[in-house]
Amino acid sequence: MKKPIWEPGPERVERANLNRFARFAREQSGNEDLRGYAALYEFSIRHPERFWPLVWEFCGIRASGTFHETLVAAEHPADTRWFPGIRLNVAQNLLRFRDERCALAARDAAGVWHETSYAQLQQQVARVAAALRARGVGSGDYVAGLLRHGSEAVVAMLASVAVGATWTAPPPARAAAVLARLQPRLVFVDAQYPITADTVPNAAIVSVGARHGEHANWDDLLAADAPPLNFELAGFEQPLYALAREDGEISLHSAGGTLIQHLKDLVLQADLKREDRVLHAAAPHTGYWHWLTSVLAVGATVVLADADFALDQPAAWDLVDEHAVSVLATDTVQLAAFAASPLQPRESHKLLGLKTVLAIGAAPPPAAIEAVYARIKDRLMLSLCGGDAGGLSFLALGSPLLPVYTDELQCRGLGMRVEVLADDGRAVNEHCGTLACLAPFPGLPLGFVDDDDEARFRACYFAQRAQAWCSGEQAVLTAHEGLQFAASSDQEPA
Numbered sequence: 315m316k317k318p319i320w321e322p323g324p325e326r327v328e329r330a331n332l333n334r335f336a337r338f339a340r341e342q343s344g345n346e347d348l349r350g351y352a353a354l355y356e357f358s359i360r361h362p363e364r365f366w367p368l369v370w371e372f373c374g375i376r377a378s379g380t381f382h383e384t385l386v387a388a389e390h391p392a393d394t395r396w397f398p399g400i401r402l403n404v405a406q407n408l409l410r411f412r413d414e415r416c417a418l419a420a421r422d423a424a425g426v427w428h429e430t431s432y433a434q435l436q437q438q439v440a441r442v443a444a445a446l447r448a449r450g451v452g453s454g455d456y457v458a459g460l461l462r463h464g465s466e467a468v469v470a471m472l473a474s475v476a477v478g479a480t481w482t483a484p485p486p487a488r489a490a491a492v493l494a495r496l497q498p499r500l501v502f503v504d505a506q507y508p509i510t511a512d513t514v515p516n517a518a519i520v521s522v523g524a525r526h527g528e529h530a531n532w533d534d535l536l537a538a539d540a541p542p543l544n545f546e547l548a549g550f551e552q553p554l555y556a557l558a559r560e561d562g563e564i565s566l567h568s569a570g571g572t573l574i575q576h577l578k579d580l581v582l583q584a585d586l587k588r589e590d591r592v593l594h595a596a597a598p599h600t601g602y603w604h605w606l607t608s609v610l611a612v613g614a615t616v617v618l619a620d621a622d623f624a625l626d627q628p629a630a631w632d633l634v635d636e637h638a639v640s641v642l643a644t645d646t647v648q649l650a651a652f653a654a655s656p657l658q659p660r661e662s663h664k665l666l667g668l669k670t671v672l673a674i675g676a677a678p679p680p681a682a683i684e685a686v687y688a689r690i691k692d693r694l695m696l697s698l699c700g701g702d703a704g705g706l707s708f709l710a711l712g713s714p715l716l717p718v719y720t721d722e723l724q725c726r727g728l729g730m731r732v733e734v735l736a737d738d739g740r741a742v743n744e745h746c747g748t749l750a751c752l753a754p755f756p757g758l759p760l761g762f763v764d765d766d767d768e769a770r771f772r773a774c775y776f777a778q779r780a781q782a783w784c785s786g787e788q789a790v791l792t793a794h795e796g797l798q799f800a801a802s803s804d805q806e807p808a
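Using the working numbering, the letters of the sequence shown correspond one by one to residues 315 to 808.
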């Protein structure tokens, strides 16, 4: 039997959010068997009507109204309704902290680092939200952002969501096509992107960086007075994000589903805490950026690295030390590049606070995982996240309670009834098959834009088995209940 390359020590297990959640679940359910990941996972998929409200309460989701049912089943999984009667705003949940602790650390366009406290972030979002409301932006509108990876993208998104709009950040190469389809009410544009009034004739434009006489300017928005931030509440299924995918589709994601899915992933599976400092370089148009921006709900510090951040360069490790990073968020391609480099950061850098590496994608070559523990740090959790759950979450994630093996993702995500299916539709273990989720989950996308009958959406995800979410990824469910992915499944959320 193969041995793990890392196992959590007693102190890490004791302090893990997931361990605290297990105690909470035992107290609330009266089920003393909810100990360890396997028991929690089984409970989460057998009793979603009990599991997801526990996540809601444990993570402290802020909302108005009450729900008497967790989910309302439907003939098709995509039509399942979650938490009927609830009204919420995601920005309110991401801005629950209002103190002087650092929320964002980022370079400006001139390359100078700035830190934004939670109090300052609240104030900036309030001022931009006031400007949006003054321009008539609200529920039912799209707001787009063509912005560099900096604090401006985070503030613009939060302000848009606060007033009830749906946020989209199209890939720069396809921005014109995406904007033409969505017809946003307002667009935030960084100076480096060639978007003009001709591209979005019906939208107001806010320039970020260089000034354009005919457009509003970002700095002016932040300098204006604004009333206290008021959040527009809407139902659980209010469209929160419109995500432009690699296949040309634009998927819509609900406010409530995205929020509870992200908090389950980040608080329970990734074990994020308020004292953490999380570094990432995900571009604003990627699903990973949206996932990691939800870290703000935990109250941690998000360190925004530049687009050229690369683990095979010494400057990346300088940044980890300079910002006392405790959680490094990257992807498995970066890990493989690091493994191929000669760098030895455990010898050249301090890395004192680093405790977790989050990496998206299928498991990299075993040599890359071995390099993490041999050349970065031997006392950290390498949490690999993969399996397409719609672009903003994952079917397989990490767990602070489980060991790490060199060739597999640690576990199936809580609340995700994931199986590997043979060609005849049977669930199989230790054999390659098609990865599928056999039950609805809150973060399941609402559908695609301009697909009112959901024909394209269902053809994309439900064609192989009508009642199972399936994107065609090939995987193996291992003897350790982990997942091994075929090489072709190594992909980042759109």
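No residue lacks a Cβ here, since even glycine has one placed at the ideal position from N, Cα and C.
Here the structure is a predicted model, which means the values were calculated and not measured.
Between threonine 510 and leucine 496 the beta-carbon gap is near 17 Å, outside 8 Å, which marks them as no contact. Annotation: glutamate 551 to isoleucine 400 spans about 10 Å, alpha carbon to alpha carbon. Bridge partners of proline 553 according to DSSP: Ser568. Look at the stretch 732 to 774 and you find no whole run of alpha helix (DSSP H) that is 4 residues long or longer.
Judged by DSSP secondary structure, aspartate 504 falls within the beta strand (DSSP E) whose first and last residues are 500 to 504.
By the 16-neighbour rule on beta-carbons within 10 angstroms, aspartate 504 is buried. Where arginine 591 is concerned, the enclosing beta strand (DSSP E) starts and stops at 591 to 594.
Under DSSP, the beta-bridge partners assigned to aspartate 645 are Ile674. Of all alpha-carbon atoms in His390, His794, Glu768, Asn531, the one lying nearest the alpha-carbon of arginine 726 is that of His794.
CA-CA distance, tryptophan 427 to alanine 420, rounds to 5 Å. When DSSP states are grouped into helix, strand and coil, arginine 326 belongs to the helix group. Apart from the 5 residues on each side of it in sequence, glutamine 724 sits with its Cβ closer than 6 Å to the Cβ of Gly712, Ser713, Leu716, Gly796 in its chain, given in chain order.
Taken in chain order, the complete alpha helix (DSSP H) segments of 4 or more residues contained in the stretch 379 to 444 are 404 to 408. Isoleucine 519 sits in a strand when the DSSP states are folded into three classes. The residues Ala336, Leu715, in chain order, have a CB closer than 8 Å to that of glycine 350 in the same chain once the five nearest residues on each side in sequence are set aside. Leaving aside the five residues that flank glutamine 798 on each side, the residues in its chain whose CB is nearer than 7 Å to its CB run, in chain order, Ala677, Asp721, Glu722, Ala789, Val790, Thr792. DSSP lists Ala710 as the beta-bridge partner residues of glycine 700. The alpha carbon of glycine 570 has as its nearest neighbour, out of Ser358, Val522, Leu706, Ile519, the alpha carbon of Leu706.
8 Å or more divides the Cβ of threonine 513 from the Cβ of leucine 543.
Across the structure, proline 756 and alanine 556 are spaced so that their CA atoms are roughly 16 Å apart. A straight-line Cα-Cα distance of about 19 Å links leucine 577 and alanine 548. Between valine 581 and valine 612, the CB-CB gap stays under 8 Å. In this structure, the straight-line span from the alpha carbon of aspartate 561 to that of serine 785 is close to 12 Å. Membership of threonine 607 in the alpha helix (DSSP H) is indicated by the continuous run 601 to 607. For leucine 666, the number of other beta carbons within 10 angstroms of its own is below 16, and it is reported as exposed. Under the DSSP assignment, valine 457 falls in the beta strand (DSSP E) whose first and last residues are 456 to 460.
Annotated three-state conformation of phenylalanine 799 is strand, per DSSP. For a cut-off of 8 Å, the C-beta gap from valine 732 to cysteine 751 is around 5 Å, short enough to register as a contact. Listed in chain order, the non-local C-beta contacts of lysine 587 below 8 Å within the same chain comprise Asn331, Val612, Ala614, local neighbours out to five positions each way being set aside.
In this structure alanine 476 touches alanine 405 by the C-beta definition: roughly 4 Å separates them, less than 8 Å.
Using a Cβ distance threshold of 8 Å, valine 501 and leucine 554 do not count as a contacting pair.
Across the structure, cysteine 774 and glycine 761 are spaced so that their CA atoms are roughly 10 Å apart. Going by DSSP, tryptophan 481 is part of the beta strand (DSSP E) stretching over 480 to 482.
For valine 369, the uninterrupted alpha helix (DSSP H) segment begins and ends at 362 to 373. A residue is called buried when at least 16 other Cβ atoms come within 10 angstroms of its Cβ; proline 362 meets this threshold and is buried. Here the C-alpha atom of leucine 446 lies approximately 33 Å from the C-alpha atom of threonine 394.
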